[in-house]
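Here the structure is laid out as structure tokens; the discussion comes afterwards.
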Amino acid sequence: MSKINPLADRVLVLPAPAEEKTIGGIIIPDNAKEKPLKGEIVAVGQGVKDEKMVLKVGDVVLYGKYAGTELENDGVKYLIMKQSDVLATID
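First residue of the sequence shown? That's 5 in the working numbering, and the numbers climb one at a time after it.
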């Protein structure tokens, strides 16, 4: 049960689950599904001297397809990325 605390201008994102898709009754396997580009911020760093942290825990965000680094903690998959890799927040 380790807690991940991002440093500097990094945020920890819990990606939204990939949507289940079927084509004519054929279920697409997990490894062929598109990665979700939306997730929820679960932890934030303190920011850096030149750029304050504008994201907060609970924000739902959109990020680029190749943004962040995947990591797993207690069986849950997360992405850790710089605040600048986040494209937008969703209200």
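A virtual CB, placed ideally from N, CA and C, is assigned to each residue, including glycine.
A quick note: this is a predicted structure, and the numbers were derived from the prediction, not measured.
| Check | Outcome |
| --- | --- |
| Compare the beta carbon distance of L66 and L83 with 8 Å and say whether it is the shorter of the two. | no |
| Looking only at C-alpha atoms, which of P21, P10, R14 sits nearest to V80? | P21 |
| Can you name the residues that DSSP bridges to L18? | E44 |
| Identify, in the order they occur along the chain, each residue of the same chain with its Cβ nearer than 6 Å to the Cβ of V46, setting aside the five sequence neighbours on each side. | L16, L18 |
| Does DSSP classify T93 as helix, strand or coil? | strand |
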